[in-house]
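> Please read through the structure below; I'll follow up with questions.
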Amino acid sequence: MAEEVQRSSRRGHTTWSTVLLCVTFSLFTLAVFGLARDRSPQSTLRAFHVGLLSGDRPSVERTMAGNDDGPEDRYWQTVLVGRVLEILQTSDSIDLGRMVTQGNDAEGDVIYESNWTGLQTLTFVLKRTPAGWRIDAARTLARSRESFFW
Numbered sequence: 387m388a389e390e391v392q393r394s395s396r397r398g399h400t401t402w403s404t405v406l407l408c409v410t411f412s413l414f415t416l417a418v419f420g421l422a423r424d425r426s427p428q429s430t431l432r433a434f435h436v437g438l439l440s441g442d443r444p445s446v447e448r449t450m451a452g453n454d455d456g457p458e459d460r461y462w463q464t465v466l467v468g469r470v471l472e473i474l475q476t477s478d479s480i481d482l483g484r485m486v487t488q489g490n491d492a493e494g495d496v497i498y499e500s501n502w503t504g505l506q507t508l509t510f511v512l513k514r515t516p517a518g519w520r521i522d523a524a525r526t527l528a529r530s531r532e533s534f535f536w
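Just so you know, we're using the numbering used here here: the sequence shown kicks off at 387 and counts up by one.
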């Protein structure tokens, strides 16, 4: 009888250890993927558009590269924000398209769909900074000048 109690207490100990290990591993996995999701080029584009749609200027500025680099960077950022706001006014939906990442650079297509204008695609150029992925407004505008709506 004493032997049975000892065995069952060991099993109980093993069960709790296993549960604790699984919970710890699950929390670790969620934390890693949660951090990775918020630090990807896709999450930067999502935060940019959410900030624009909600009128949250500080959030929009945090997604842009070169916020402290002088008047030229601020000019291109203002032009890009204005252009995207124009597109958003007539858009019925926004989708993320192709995303290509090479080292510290990335390009991502954002597809704006409208019943009035059809599909418009804007290719955003992003760069990795110590603070995470940021939109390079000047390079985005230079890259997008080839598209039909410029």
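Built from N, CA and C at the ideal position, the CB exists for glycine as well.
Only a predicted model underlies this, so the values are computations on that prediction, with no experimental measurement involved.
Is T526 helix, strand or coil by DSSP?
In this structure, T526 counts as helix in the three-state DSSP scheme.
> For A528, I'd like the list of residues in its chain whose CB is within less than 7 Å of its CB, leaving aside the five on either flank, ordered along the chain.
none
> Does DSSP classify T464 as helix, strand or coil?
DSSP, read as helix, strand or coil, puts T464 in helix.
> R520: buried (16+ other C-beta within 10 angstroms of its C-beta) or exposed?
buried
> Would you kindly report the start and end of the unbroken beta strand (DSSP E) that includes A492?
491-500
> Three-state secondary structure (DSSP) at S429?
helix
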